[in-house]
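First up is the structure itself, then whatever we jot down about it.
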Amino acid sequence: MRAIWVVGLVALIGCAKPPDAVINRVPVRNPTTPVASQADVTAARVMGDWVVVQSSLAPQGTAVHVGNSALHIGARMMPMQARGQGRFASGEGQIWVHWLDADNRTMALGDPEGGWFAILDRSGRPGERLRAAREILEWYGYDVTRGLADS
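Taking this note's numbering, I'd label the letters of the sequence shown as residues 9 to 159.
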């Protein structure tokens, strides 16, 4: 009798559906690293057209538009509302500008929780400013070698 019960239990276990895989997105930023935004960045300074130079959201060359209430990266639209000091609220979390050069040509921004990062430039050719943008992102714990969108 016990053998029949064990066989039945094994058969029942064999029919059970395996648990769904847990999708745990690995952040592109080390959450233990201190992070900050550039305090003098305003919505007016970042408005307009940009080009992705490097990002975990979109391939290099993707057109970006920052408007009054949204960040458009290619076909993706992220609502945003200025919170001051280079910080914006978004329906997808937060958008922080970590660095913007003095002439508003190149910007390093991302989700301080580590979901994504982007380096944008008005012309798509940041020159020496690309190195500065990468260094700032790395300083704030972003791994700019990981999570790059397919080109």
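We treat Cβ as the ideally placed atom computed from N, Cα and C, and that holds for glycine. Source: prediction; values computed, not measured.
> To the nearest whole angstrom, what separates the beta carbons of residue 45 and residue 95, a pair I think is in contact under 8 Å?
Replying inline: 5 Å
>> Assuming residue 59 and residue 75 are in contact, meaning their beta carbons sit under 8 Å apart, how far apart are those beta carbons, in whole angstroms?
In response: With a Cβ gap of about 16 Å, residue 59 and residue 75 do not count as contacting.
> Is residue 126 closer than 9 Å to residue 72 when the C-beta atoms are compared?
Replying inline: yes
> Within this structure, are the beta carbons of residue 123 and residue 99 separated by less than 9 Å?
Replying inline: no
> Of the choices 38, 80, 39 and 93, whose alpha-carbon is the least far from that of residue 51?
Replying inline: 93
>> Do residue 148 and residue 36 count as a contact pair if the criterion is CB distance below 9 Å?
In response: no
> Less than 9 Å separating the beta-carbons of residue 63 and residue 138?
Replying inline: no
> Would you report the Cα separation of residue 106 and residue 154, rounded to the nearest angstrom?
Replying inline: 18 Å
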